[in-house]
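Worksheet: one structure, shown below.
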Amino acid sequence: MNAKEQYIAFMTILRKEIRRYTRIWTQTLLPSAITMSLYFVIFGSLVGSRIGEMGGFTYMQFVVPGLIMMAIVTNSYSNVVSSFFGSKFNNSIEELLVSPTPNYIILWGYIIGGVTRGLAVAVIVTVVALFFTHLSIYSFPVVIGIVTLTSVLFALAGFINAVFANSFDDISIVPTFVLTPLIYLGGVFYSLDLLPEFWRGVSQLNPLVYVVNAFRYGVLGVSDVSIEFAFGMIAAFTVVAYLYCMHLLNSGTRLRQ
Amino acid sequence: MVPALAIENLSKTYGNDFTALKGISLKVEQGDFFALLGPNGAGKSTTIGIICSLVDKTGGQVQVHGVDIDLDFAGAKKFLGVVPQEFNFNVFEKTRDILLTQAGYYGIPRTIAEERADHFLKKLGLWDKRNTASRMLSGGMKRRLMIARALIHQPKLLILDEPTAGVDIEMRRSMWEFLQEINASGTTIILTTHYLEEAEALCRNIAIINHGEIVENTSMKSLIRRLHREVFILDCRDDLPRSCAVEGFVTRQIDSHTLEVEVEKGQDLNTVFKSLSEQGICVQSMRNRANRLEEMFVNLVEGAKG
Ligand SMILES: Nc1ncnc2c1ncn2[C@@H]1O[C@H](COP(=O)(O)OP(=O)(O)OP(=O)(O)O)[C@@H](O)[C@H]1O
Ligand SMILES: [Mg+2]
């Protein structure tokens, strides 16, 4: 396929992905808006007012970046995992496999599809957040860079999950037992400074710590970890995940018999 | 002219160690209308799966219009349109969107894709259903949608895996006509079927596959002729004369007392006996030699019913 044909194929996948999650928006876009509003009300307003300051900001201001990131992570992930597994499940993935579309276009189509959903939800959550607190952005380049990298990374992770999933149960196991705990322990709700030394060290192994803190740095200008290091880690995770996804596609793992 | 499809010694062993294809070879010329006939589990879908990259082959070569799938799979795929045996679309997508999406996967610009999609929707009687989610189509409509989808990039070779399964007789006829039209306009067609009648109505050449092996590969005409030919073995009382023959029939002298006669459709045995009597030959008993091909078809038909 020449470059123009590849572009058309990419846009076709992307358009199909967007059509999918907007068609079922009550399952894809709405839940995050509702959950996050509840978080804002409970942790930000009710409980938050008793907690006082965290890292030099009101508790509400402190948790908002983490919650937005949480929405981005879960939505990019679950979009790709449900969509790609779904198309394996109903065999419509064969439409792509019999076509001359190269594997990297297939991958990027699904990944960017997930990224757009992550971003769409991020915008919704941000708008909701503005009802509760004032938000200003400390560094646009950091915010844009970290949001893009993170949503790509978790879309890739969702893709890997989809490749190996055999049932619809399998696509909720990782989000429930891995992703959610990592997010909760990733410093969304607390500053790592509050942790004892040992647990602060353990937390350094959690990729979500870098994601949440880098984003918080972009919004508030404070972070528990070095921002360069955070970027480096996320970028490294992303490259490894991308190469692994390409390997899965090229070898036809769980796609071809 | 390179053949539309050339398969050389193709084999497939699935992950569970089951060998579905035992080294088959096949050649389909451009413009042909070709039938791949075989009972359930013969290996038809496996063969098609390999050609269109849904199944990894274990050994052998496949060339589509001279393009080796091992060397340039994307190039080979452009020549190829496939109608699979099982429905495989996203049931929530609308009919027309399914066609447009498939066109996009081949890099076809939107405006051209829309023209073609509308053309095929009309042509295949799906125009009224263009904005219907595919899950709400009837089985026959779904099959026609899969045909439209396979044609959207104007492939030179169209492969259909049991296209008329679950399609009523009237619809089947109009589908046949449509396929003949496509074939007449230059598209090579390969279809798999359980029905000899279907192959006979449509195809010029045929291969019969059973247990992962090609057991027959010939023109439809000669196959039908052989199918309708019966061979009788006549046991005679006396020694047969050396030059024993029956005019208009192919005969073979097996030994001094045994004569084999081939009887084509439309010929009758009376003529044979009359001629033999005139030659003073007395037939004591007669039996039918098993027709290997016919046996196979009895199995096929039973297989298709079961
Ligand atoms: N994924 C698989 N794993 C293991 N064995 C398989 C697999 N797919 C097919 N087979 C086996 O390979 C053989 C050939 O199957 P195939 O689907 O090619 O037959 P077919 O000729 O298309 O039959 P039908 O007319 O029923 O569609 C069968 O015995 C089948 O059980
Ligand atoms: Mg089959």
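Top to bottom, those sequences are chains A and B.
The first sequence runs contiguously to residue 313 in my numbering.
The second sequence runs contiguously to residue 823 in my numbering.
For every residue, glycine included, the Cβ atom is placed at its ideal position computed from N, Cα and C.
With respect to Thr575 of chain B, Thr628 of chain B sits apart: the two C-beta atoms are not nearer than 9 Å. Annotation: Cβ neighbours of Val154 of chain A in chain B (cutoff 8 Å, chain order): Cys569, Ser570, Leu571, Lys594, Leu597 and Val599.
Here DSSP, grouped into helix, strand and coil, assigns Val244 of chain A to coil. As the crow flies, the alpha-carbon of Phe196 of chain A is around 7 Å from that of Gly274 of chain A. In the structure shown, Met518 of chain B adopts coil according to DSSP, grouped into three states. Taking non-hydrogen atoms of ligand 1 into account, the C-beta of Asn533 of chain B is found less than 8 Å away from one of them.
Each of A:Ala185, A:Gly201 and A:Phe220 was checked against the Cα of Val97 of chain A, and the nearest Cα belongs to A:Ala185.
Here the alpha carbons of Leu751 of chain B and Asp585 of chain B stand approximately 52 Å from one another. Beta-bridge pairing by DSSP links Ala762 of chain B to no other residue. Contact of Gln619 of chain B with chain A by beta-carbon distance below 8 Å involves Glu151 and Ser155.
Those residues whose C-beta sits under 6 Å from the nearest heavy atom of ligand 2 are, from N- to C-terminal order along the chain, B:Lys561, B:Ser562, B:Gln602 and B:Asp678.
Residue pairing by DSSP places Thr705 of chain B opposite B:Leu674 in a beta bridge. For a Cβ distance threshold of 8 Å, nothing in chain B lies close to Pro197 of chain A: the least Cβ distance comes to about 34 Å. Membership of Ser105 of chain A in the alpha helix (DSSP H) is indicated by the continuous run Gly104 to Ile107.
Here the alpha carbons of Gln770 of chain B and Glu777 of chain B stand approximately 6 Å from one another. Secondary structure in the region 122-209 of chain A: the alpha helix (DSSP H) runs of 4 residues or longer, each lying completely within the stretch, are 149-153 and 159-186 in chain order.
In this structure, DSSP gives Gln547 of chain B a state outside helix and strand, which the three-state scheme calls coil. Using a Cβ-Cβ cut-off of 9 Å, Tyr712 of chain B does not count as an interface residue toward chain A, since no Cβ of chain A sits closer than that to its own. As DSSP reads the structure, Thr232 of chain A sits in no beta bridge.
Contact of Gly308 of chain A with chain B by beta-carbon distance below 8 Å involves Asp573. Taking every protein chain shown into account, the CB of Asn306 of chain A has fewer than 16 other CB atoms within 10 angstroms, so this residue is exposed.
Along the region 602-628 of chain B, going in chain order, the ones with a CB nearer than 9 Å to a CB of chain A are Glu603, Phe604, Asn605, Phe606, Asn607, Val608, Phe609, Glu610, Asp614, Ile615, Leu617, Thr618, Gln619, Ala620, Gly621, Tyr622, Tyr623, Gly624, Ile625, Pro626 and Arg627. The shortest CA-to-CA distance from Phe749 of chain B to any of B:Thr536, B:Val732 and B:Glu779 is the one to B:Glu779. Rounded to the nearest angstrom, the gap between the Cα atoms of Gly548 of chain B and Thr618 of chain B is 28 Å.
In the DSSP assignment, Thr775 of chain B falls within the unbroken beta strand (DSSP E) covering Thr775 to Val780. In this structure, DSSP gives Ala523 of chain B an extended state, which the three-state scheme calls strand.
Near chain A, meaning a CB-to-CB distance below 9 Å, no residue of the region 543-558 of chain B qualifies. Using a Cβ-Cβ cut-off of 9 Å, Ile74 of chain A does not count as an interface residue toward chain B, since no Cβ of chain B sits closer than that to its own. Straight through space, the alpha carbons of Leu677 of chain B and Ile706 of chain B are spaced by roughly 8 Å.
Any Cβ of chain B closer than 9 Å to the Cβ of Arg79 of chain A would place that residue at the interface, and such an atom is present. In this chain, the beta strand (DSSP E) harbouring Ala724 of chain B covers Asn722 to Asn727. For Asn734 of chain B, the enclosing beta strand (DSSP E) begins and ends at Glu730 to Ser736.
When the Cα atoms are used, Arg743 of chain B and Val136 of chain A turn out to be separated by approximately 56 Å.
No heavy atom of ligand 1 is found nearer than 8 Å to the CB of His774 of chain B.
DSSP places Ser93 of chain A in the helix class (H, G or I) of the three-state scheme.
Cβ atoms of Thr294 of chain A and Leu209 of chain A come within 8 Å of each other, at about 4 Å.
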